[in-house]
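FYI, in the numbering used here the residues of the sequence shown are 1 to 202. Even for Gly, the Cβ is constructed at its ideal location relative to N, Cα and C. None of the values given here were measured: they were computed from a predicted structure.
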Amino acid sequence: MLDRHIRPFIDPPLNRLGRQFALMGFSANMVTLAGLALGLAAALAIVFEAFILAVLFILASRLADGLDGAVARVRGVTDFGGYLDITCDYVFYAAIPLAFIMLDPQSHGVVGAFLLLSFYVNAGSFLGFAVLAEKQKMRSDAHGVKSLYFTGGLLEGTETIVFFLLLCLFPAAFVPLALGFAVLCLVTAFARVLLAAKVFQD
């Protein structure tokens with residue numbers, strides 16, 4: 001919901017930084033993998049209850065996630081780069097809830113599993129829409145230049161990052177925060193299914 005509104009503010013500095021990274025010889029895929037490594041480091045920090053460190057790793061990871069696209073726009077966008085980016089994103093999105101489950105399996109297990117289920121359903125609705133949008137030759141740059149068609153929704157990348165940061169800042173509130181976010185994820189997926197039913201009528 002917020003992604004398209006913050007892009008005009010974050011894209012210009014990211015593009016400038018991306019040009020510098022490209023000139024230094026970094027590829028977009030290298031930045032993508034560095035972002036994943038930072039995200040996994042955040043998950044590990046959560047398991048060891050180093051929550052402030054986890055916040056820093058999450059912020060650095062998502063900076064890299066935005067920066068890889070800026071580098072790609074300088075060095076050339078590739079289909080594999082887009083594929084690698086979305087794959088690494090979903091690994092990161094799963095790793096943070098898993099870390100909280102590992103932190104306290106007894107208290108966090110069921111709600112954490114429900115949260116992961118909601119992510120899975122939401123991801124399926126997103127990727128399925130993207131496949132059909134490509135088949136229909138649909139194009140949109142509302143979320144920036146992407147290798148996949150991005151549908152908006154109640155919850156997008158910005159809201160997910162804010163949610164992860166809240167979990168790290170208030171770990172004792174994991175259960176109510178995760179439960180509420182999971183429900184909103186399912187609402188987002190359901191709304192996308194309704195949109196698909198309207199857009200992709202035979």
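Is there contact here, the segment 67-84 with the segment 159-177, by at least three beta-carbon pairs under 8 Å?
no
If you compare alpha carbons, which of L59, Q136, V47 is closest to P171?
Indexing the sequence shown from 1 puts residue 171 at position 171. Residue V47 is the option with its Cα nearest to P171.
Please report the distance separating the alpha-carbon of D104 from that of R192.
As a working mapping, residue 104 is identified with position 104 in the sequence shown. As a working mapping, residue 192 is identified with position 192 in the sequence shown. In a straight line, the C-alpha of D104 is about 33 Å away from that of R192.
May I ask whether a heavy atom of the ligand GTP can be found less than 7 Å away from the beta carbon of I10?
For the structure depicted, the ligand GTP is absent and the ligand set is empty, with no information on it obtainable.
When you compare the CB positions of A43 and L98, do they come within less than 8 Å of one another, or not?
Here the question's residue 43 lines up with position 43 in the sequence shown. Here the question's residue 98 lines up with position 98 in the sequence shown. The answer is yes: Cβ separation under 8 Å.
Please say whether S61 and L84 have beta carbons closer to each other than 8 Å?
Taking the first residue of the sequence shown as position 1, residue 84 is located at position 84. Taking the first residue of the sequence shown as position 1, residue 61 is located at position 61. No; because the gap between Cβ atoms is not below 8 Å, this pair is not in contact.
By DSSP, does A157 sit in helix, in strand, or in coil?
Residue numbering aside, residue 157 sits at position 157 when the sequence shown is read from its first letter. According to the sequence as given, residue 157 is Gly; it is not Ala. In the structure shown, G157 sits in a helix (DSSP, three-state: H, G or I).
Nearest-angstrom Cα distance between V145 and A113?
The residue given as residue 145 occupies position 145 in the sequence shown. The residue given as residue 113 occupies position 113 in the sequence shown. In this prediction, V145 has a pLDDT of 49, which is less than 50 and means its spatial position is unreliable; what the coordinates show is noted afterwards. The straight-line gap from Cα to Cα measures roughly 33 Å.
How many Å lie between V77 and P12 at the Cα?
Reading the sequence shown from its first residue, position 77 is the one you call residue 77. Reading the sequence shown from its first residue, position 12 is the one you call residue 12. C-alpha separation (whole angstroms): 18 Å.
Straight-line CA distance for L36 to A197?
As a position in the sequence shown, residue 36 is number 36, starting the count at 1. As a position in the sequence shown, residue 197 is number 197, starting the count at 1. L36 and A197: Cα-Cα distance of roughly 34 Å.
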